[in-house]
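Novice: For the sequence shown, the UniProt record's numbering assigns the number 1 to the initial residue and increments by one for each residue that follows.
Every residue, glycine too, gets a C-beta built ideally from N, C-alpha and C.
This structure is a prediction, so every number in the text was calculated from the model and none was measured.
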Amino acid sequence: AQIQGAKEVLASDLVVKVRAPMLNPTLDSHEADLLKTSGTLISFIYPAQNPDLLNKLSKRKTTVLAMDQVPRVTIAQGYDALSSMANIAGYKAVVLAANHFGRFFTGQITAAGKVPPAKILIVGGGVAGLASAGAAKSMGAIVRGFDTRAAALEQFKSLGAEPLEVDLKESGEGQGGYAKEMSKEFIEAEMKLFAQQCKEVDILISTALIPGKKAPVLFKKEMIESMKEGSVVVDLAAEAGGNFETTKPGELYVHKGITHIGYTDLPSRMATQASTLYSNNIIKLLKAISPDKDNFYYEVKDDFDFGTMGHVIRGTVVMKDGEVIFPAPTPKNIPQGAPVKQKTVAELEAEKAATVSPFTRTMTTASAYTAGLTGMLGLGIAAPNLAFSQMVTTFGLAGIVGYHTVWGVTPALHSPLMSVTNAISGLTAVGGLALMGGHLYPSTTPEGLAALATFISSVNIAGGFLVTQRMLDMFKRPTDPPEYNYLYLLPAGTFVGGYLAALSSGYNIEQIMYLGSGLCCVGALAGLSTQGTARLGNALGMIGVSGGLAATLGGLNPSPELLTQMSGAMALGGTIGLTIAKRIQISDLPQLVAAFHSLVGLAAVLTCVAEYIVEYPHFAVDPAANLTKIVAYLGTYIGGVTFSGSLVAYGKLQGILNSAPLLLPGRHLLNAGLLTASVGGMIPYMIDPSFTTGILCLGSVSALSAVMGVTLTAAIGGADMPVVITVLNSYSGWALCAEGFLLNNNLLTIVGALIGSSGAILSYIMCVAMNRSLANVILGGYGTTSTAGGKPMEISGTHTEINLENAIDMIREANSIIITPGYGLCAAKAQYPIADLVKMLSEQGKKVRFGIHPVAGRMPGQLNVLLAEAGVPYDIVLEMDEINQDFPDTDLVLVIGANDTVNSAAQEDPNSIIAGMPV
Numbered sequence: 001a002q003i004q005g006a007k008e009v010l011a012s013d014l015v016v017k018v019r020a021p022m023l024n025p026t027l028d029s030h031e032a033d034l035l036k037t038s039g040t041l042i043s044f045i046y047p048a049q050n051p052d053l054l055n056k057l058s059k060r061k062t063t064v065l066a067m068d069q070v071p072r073v074t075i076a077q078g079y080d081a082l083s084s085m086a087n088i089a090g091y092k093a094v095v096l097a098a099n100h101f102g103r104f105f106t107g108q109i110t111a112a113g114k115v116p117p118a119k120i121l122i123v124g125g126g127v128a129g130l131a132s133a134g135a136a137k138s139m140g141a142i143v144r145g146f147d148t149r150a151a152a153l154e155q156f157k158s159l160g161a162e163p164l165e166v167d168l169k170e171s172g173e174g175q176g177g178y179a180k181e182m183s184k185e186f187i188e189a190e191m192k193l194f195a196q197q198c199k200e201v202d203i204l205i206s207t208a209l210i211p212g213k214k215a216p217v218l219f220k221k222e223m224i225e226s227m228k229e230g231s232v233v234v235d236l237a238a239e240a241g242g243n244f245e246t247t248k249p250g251e252l253y254v255h256k257g258i259t260h261i262g263y264t265d266l267p268s269r270m271a272t273q274a275s276t277l278y279s280n281n282i283i284k285l286l287k288a289i290s291p292d293k294d295n296f297y298y299e300v301k302d303d304f305d306f307g308t309m310g311h312v313i314r315g316t317v318v319m320k321d322g323e324v325i326f327p328a329p330t331p332k333n334i335p336q337g338a339p340v341k342q343k344t345v346a347e348l349e350a351e352k353a354a355t356v357s358p359f360t361r362t363m364t365t366a367s368a369y370t371a372g373l374t375g376m377l378g379l380g381i382a383a384p385n386l387a388f389s390q391m392v393t394t395f396g397l398a399g400i401v402g403y404h405t406v407w408g409v410t411p412a413l414h415s416p417l418m419s420v421t422n423a424i425s426g427l428t429a430v431g432g433l434a435l436m437g438g439h440l441y442p443s444t445t446p447e448g449l450a451a452l453a454t455f456i457s458s459v460n461i462a463g464g465f466l467v468t469q470r471m472l473d474m475f476k477r478p479t480d481p482p483e484y485n486y487l488y489l490l491p492a493g494t495f496v497g498g499y500l501a502a503l504s505s506g507y508n509i510e511q512i513m514y515l516g517s518g519l520c521c522v523g524a525l526a527g528l529s530t531q532g533t534a535r536l537g538n539a540l541g542m543i544g545v546s547g548g549l550a551a552t553l554g555g556l557n558p559s560p561e562l563l564t565q566m567s568g569a570m571a572l573g574g575t576i577g578l579t580i581a582k583r584i585q586i587s588d589l590p591q592l593v594a595a596f597h598s599l600v601g602l603a604a605v606l607t608c609v610a611e612y613i614v615e616y617p618h619f620a621v622d623p624a625a626n627l628t629k630i631v632a633y634l635g636t637y638i639g640g641v642t643f644s645g646s647l648v649a650y651g652k653l654q655g656i657l658n659s660a661p662l663l664l665p666g667r668h669l670l671n672a673g674l675l676t677a678s679v680g681g682m683i684p685y686m687i688d689p690s691f692t693t694g695i696l697c698l699g700s701v702s703a704l705s706a707v708m709g710v711t712l713t714a715a716i717g718g719a720d721m722p723v724v725i726t727v728l729n730s731y732s733g734w735a736l737c738a739e740g741f742l743l744n745n746n747l748l749t750i751v752g753a754l755i756g757s758s759g760a761i762l763s764y765i766m767c768v769a770m771n772r773s774l775a776n777v778i779l780g781g782y783g784t785t786s787t788a789g790g791k792p793m794e795i796s797g798t799h800t801e802i803n804l805e806n807a808i809d810m811i812r813e814a815n816s817i818i819i820t821p822g823y824g825l826c827a828a829k830a831q832y833p834i835a836d837l838v839k840m841l842s843e844q845g846k847k848v849r850f851g852i853h854p855v856a857g858r859m860p861g862q863l864n865v866l867l868a869e870a871g872v873p874y875d876i877v878l879e880m881d882e883i884n885q886d887f888p889d890t891d892l893v894l895v896i897g898a899n900d901t902v903n904s905a906a907q908e909d910p911n912s913i914i915a916g917m918p919v
């Protein structure tokens, strides 16, 4: 660049200035008269306040681009010099206030005494006000913010400032990013608030402006004089007259002990920063308005849409070839202003809760206990024998143990929990083994069904435990001590080997073996409560299942040929399960879990049908015949729903089926009809004692339940898959319980109750995390329990766009970062680059954590496993409830592939479909 005199520079084709042309005493002439005829001027002009200047420029046929007239729309954010300068002014205001204030901003407790934090009130939540709030908060002050616009108050709140409001409700939303003039009543309430605040705060910073008018006087002389001596006031509206009655524009002075800062050139007091931002604004504007990158030109149109480049050009150009074209005409398609603020979801829920009387609450609880105890009495009266009562006792106690055990599992380990329960549910093999017969091959239909049930159950057992081990291995950190998990072979060998030794000595201890195996399965779930005991839990699960299978084989005492058939079925199934589990990618874990659930459901159906066929000849003399028939029917129904529902879930997760909900016309009537038909089929099944009727009814309920599993699951969208997976997990447990009652087997009842309660609790956790009822999810419902059903709140205003370069700069500048991932991260397999980024940032000394929502991903805990797979330490991966309190002190949040889990509409819009959902 060439440095020349003012006269030569002003004669250029294009002149860029900070201040508008003025009388130059050195040249003894007005700068406007020195401009080149038909030249172009870019500067702050303020055309409404400077009509004489416009006349001078018009005589020179100048084209003028006023930087103060750039429309405040999204597309023009990069050219908005007013915002750039206001940002600097807001920051500098806090720095100057701190320089003239006689105390620390932050509170301290020292040996010399306690220092209270400074209290700062900022009036005006525009760019300058928010910059001041951010700077003051980072220096440790107590910050309060006031604005007449609800959106600006939310911005104050997001920066950690306390938003102040008056009792009178009136929206202050105006045009162009400014607040509108308020009513007389509102101003009176506002003055009352300010008078009270002046007596409390130490520093006042005011930024209130009205475009084209003198700044409003918000603080009277008596208010300022009521402040504590040593206080500081900074008037960022001083150039427009000031918000303080005591302001002297351009001056720093003390009035009755109160320091007044009325500088009108705050950006110039940070000249380097101001010049950098202002030059960037101008360069971006010039590049944007010219469609041709080689020859500079642009077209000024009076007909343009809001928020377009035509809007930017027409608003910025206030004079074209000497013709004054200010003000710009109103653009088309102006977005509507923000609607009246509605009550938040929390406020509505509080009002709803307040309407429920203590009597009603207590009566509801008492009724629930009454129903439960009445049901227990009914079971006792209907019990056909003592064995059934003992089995119900076992079931109840196991359910209670399972309930308390599963609640102790950390959410990060929910995926391994589901995987290990999946493996344990493979104990449906016990039912298959009990019904197998023949020699090397099955010789009857029931024996064939039992062999098939044993085979597919073995797939679950081997595959489930291997997948669990793979997941747990991913959570290992380089700093963790070495593990010696092979030592768990010692208790496993003692348990199984000791049983075989006792069996060979003539002891019948199968029931004790079942108890020990059941306790090991309880220990498996309890072990997954923490990372430190998770591998022990998986080992206990394997010991429990091994002991249960060994006790079953020992109690049956099969012939060598039958034992070969049993071993072959389990070995083949186990080999297939191990192969699948070894090859599966961790990102495909939800599909695998769904597929394994379908195997459990099918095994339950096969076992129940086979048991019916085997027991049918004894029904005439068996006092528990009706119970056996009912349990077989229920087990077949639950197994059928689990089988087909799991297959549909697998198809949706694998991408074979469309993940969108399949909303069949009249689907609720269809499901109700299927359920009615399934229940109605029990009538001829129980009344007609013939074998043909019984088999036909079991076949019918198998088909009806399979269809119902399809219609129910197909109507559920991909985002609700976490609940579907947990519900299917629960179904598999209840199917196992049915087998336990059917075969009078304590082990199956205990393990079934554990798995059923586990799935039920996880389903409850998922539903709470979405603020939805289980029925709403399973029946393909829409909205949450808090959704009011009205029209959702319209989104208005402008948004801030960032690109890759902006994101890099923000990450580089931030010291405390939270990453909030969602299913998009899973689908893109982005865990690996994210892990590399986290490692790089941690090495730079930045604090990085992850915040995981309970329903992020496609099954509980999926994101925890994926991040562990990529090498992210589990101690920086936190749950939503653990990290939500950290956000106010966090510099940057990266939302990756998440949407609803970070959507503020859940808290602010009662009519949103996610209203009330924890975010």
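Can you confirm whether the stretch 495-504 touches the stretch 538-552 when touching is taken to mean that 3 or more C-beta pairs between the two stretches lie within less than 8 angstroms?
Specialist: Contact holds: three or more Cβ-Cβ distances are below 8 angstroms.
Novice: Would the stretch 454-463 count as touching the stretch 568-587 if we require 3 or more Cβ pairs under 8 angstroms?
Specialist: Contact holds: three or more Cβ-Cβ distances are below 8 angstroms.
Novice: Any chance the stretch 308-321 sits against the stretch 64-76, with 3 or more Cβ pairs inside 8 angstroms?
Specialist: Contact between the stretch 308-321 and the stretch 64-76 is present, because at least three Cβ pairs lie under 8 angstroms.
Novice: Helix, strand or coil for Ser-419? Go by DSSP, reduced to three states.
Specialist: In the structure shown, Ser-419 sits in a helix (DSSP, three-state: H, G or I).
Novice: Out of curiosity, what's the CA-to-CA distance linking Leu-892 and Arg-477?
Specialist: Computed Cα separation, rounded: 26 angstroms.
Novice: Quick one: is Leu-14 buried, meaning 16 or more other Cβ sit within 10 Å of its Cβ, or exposed?
Specialist: Per the 10 Å Cβ criterion, exposed.
Novice: Going residue by residue through the stretch 483-570, where are the continuous beta strand (DSSP E) segments of at least 3 residues, counting only ones entirely within it?
Specialist: Taking only runs of at least 3 residues, no beta strand (DSSP E) segment lies wholly in the stretch 483-570.
Novice: Less than 8 angstroms between the C-beta atoms of Ala-715 and Leu-663, yes or no?
Specialist: Yes, the pair counts as a contact, with Cβ atoms nearer than the cut-off.
Novice: Please go through the same chain and pick out, in chain order, the residues whose beta-carbon is closer than 6 angstroms to the beta-carbon of Gly-781, but skip the five residues on each side of it.
Specialist: Model confidence at Gly-781 stands at a pLDDT of 47, short of 50, so the residue's coordinates are unreliable and nothing is read from them.
Novice: Would you call the stretch 598-613 and the stretch 483-493 touching, i.e. three or more CB-CB distances under 8 angstroms?
Specialist: No, the stretch 598-613 does not touch the stretch 483-493.
Novice: So, using beta-carbon positions, are Met-880 and Gly-851 closer together than 8 angstroms?
Specialist: A contact, by the Cβ cut-off of 8 angstroms.
Novice: From this set, Pro-384, Gly-107, Thr-676 and Met-721, which residue's C-alpha is nearest Ala-660's C-alpha?
Specialist: Taking only the C-alpha atoms, the option nearest Ala-660 is Met-721.
Novice: Less than 8 angstroms separating the beta-carbons of Leu-266 and Lys-92?
Specialist: Going by C-beta atoms, Leu-266 is nearer than 8 angstroms to Lys-92.
Novice: Does the beta-carbon of Asn-422 have 16 or more other beta-carbons within 10 angstroms, so that it is buried, or is it exposed?
Specialist: Counting Cβ neighbours within 10 Å, Asn-422 comes out buried, since at least 16 surround it.
Novice: With burial defined as no fewer than 16 other Cβ atoms inside 10 Å of the residue's Cβ, what is the status of Ile-621: buried or exposed?
Specialist: Checking the displayed sequence, the identity of residue 621 turns out to be Val instead of Ile. Result: exposed.
Novice: Out of curiosity, what's the CA-to-CA distance linking Arg-862 and Gly-651?
Specialist: Looking at the sequence itself, residue 862 is Gln, so the reference to Arg does not match. Distance between the alpha carbons of Gln-862 and Gly-651 is about 18 angstroms.
Novice: With DSSP collapsed to three states, give me the class of Lys-847.
Specialist: Strand.
Novice: For Arg-72, which of helix, strand or coil comes out of DSSP?
Specialist: The answer is coil: DSSP assigns Arg-72 none of H, G, I, E or B.
Novice: Throw me the rounded Cβ distance for the Leu-54 and Val-324 pair, which I believe falls under 8 angstroms.
Specialist: The Cβ separation is near 5 angstroms, so the contact holds.
Novice: Starting from Pro-446, follow the alpha helix (DSSP H) in both directions and report where the run begins and ends.
Specialist: Looking at the DSSP string, the run of the alpha helix (DSSP H) that includes Pro-446 is 445-474.
Novice: Could I get the ranges of all uninterrupted alpha helix (DSSP H) runs contained in the stretch 805-844, with 4 residues as the minimum, in chain order?
Specialist: Qualifying alpha helix (DSSP H) stretches, in chain order: 823-828 and 831-843.
Novice: Between the Cα of Pro-689 and the Cα atoms of Leu-748, Tyr-616 and Val-300, which residue gives the shortest distance?
Specialist: Checking every option, the nearest Cα to that of Pro-689 belongs to Tyr-616.
Novice: For my contact list, Phe-194 and Leu-218 are in at a C-beta cut-off of 8 angstroms; report their separation, rounded to the angstrom.
Specialist: About 6 angstroms separates the two Cβ atoms, so the contact holds.
Novice: Express the C-alpha separation of Ile-750 and residue 990 in angstroms, rounding to a whole number.
Specialist: Any answer about residue 990 is impossible in this case: the structure gives the chain only from 1 up to 919.
Novice: With a CB to CB cut of under 8 angstroms and the five nearest residues on each side skipped, what residues in its chain are close to Thr-711?
Specialist: Cβ within range, chain order: Leu-664, Arg-667, Leu-670, Asn-671 and Leu-674.
Novice: Applying the criterion that 16 or more other CB atoms from any shown protein chain within 10 Å of the CB defines a buried residue, is Asp-294 buried or exposed?
Specialist: Result: exposed.
Novice: Quick check: what's the CA-CA separation for Thr-63 versus Val-318?
Specialist: In a straight line, the C-alpha of Thr-63 is about 8 angstroms away from that of Val-318.
Novice: Taking the Cβ atom as the reference point for each residue, do Leu-748 and Val-430 lie within a distance shorter than 8 angstroms?
Specialist: Cβ atoms of Leu-748 and Val-430: closer than 8 angstroms.
Novice: Could you tell me the alpha carbon to alpha carbon distance between Thr-800 and Asn-806, rounded to whole angstroms?
Specialist: So the alpha carbons of these two residues sit roughly 11 angstroms apart.
Novice: Nearest by alpha-carbon distance to Ile-512: which of Ser-529, Gly-554 and Gly-541 is it?
Specialist: Nearest of Ser-529, Gly-554 and Gly-541 to Ile-512, Cα basis: Gly-554.
Novice: Tell me which residues share the same chain as Met-391 and place their Cβ nearer than 8 angstroms to its Cβ, disregarding the 5 neighbours each side in the sequence.
Specialist: The answer, listed in chain order, is Gly-740, Phe-741, Asn-744, Asn-746 and Thr-749.
Novice: Whole angstroms are fine: how far does the CA of Ser-43 sit from the CA of Pro-51?
Specialist: Going from the Cα of Pro-51 to the Cα of Ser-43 covers about 15 angstroms.
Novice: Give a yes or no on whether the C-beta atoms belonging to Ile-261 and His-100 are separated by under 8 angstroms.
Specialist: Cβ atoms of Ile-261 and His-100: closer than 8 angstroms.
Novice: Check whether the stretch 102-112 touches the stretch 274-286, taking contact to mean three or more Cβ pairs, one atom from each stretch, closer than 8 angstroms.
Specialist: With a cut-off of 8 angstroms, the stretch 274-286 and the stretch 102-112 do not count as touching, because too few Cβ pairs lie within range.
Novice: Since Val-409 and Leu-525 are thought to touch, with beta carbons under 8 angstroms apart, how far apart are those beta carbons, to the nearest angstrom?
Specialist: Yes, Val-409 and Leu-525 are in contact; Cβ-Cβ is about 7 angstroms, under 8 angstroms.
Novice: Keeping to the same chain, check which residues put their C-beta closer than 6 angstroms to that of Thr-259; ignore five residues upstream and five downstream.
Specialist: Excluding positions up to five away in sequence, the list reads His-100 and Val-232.
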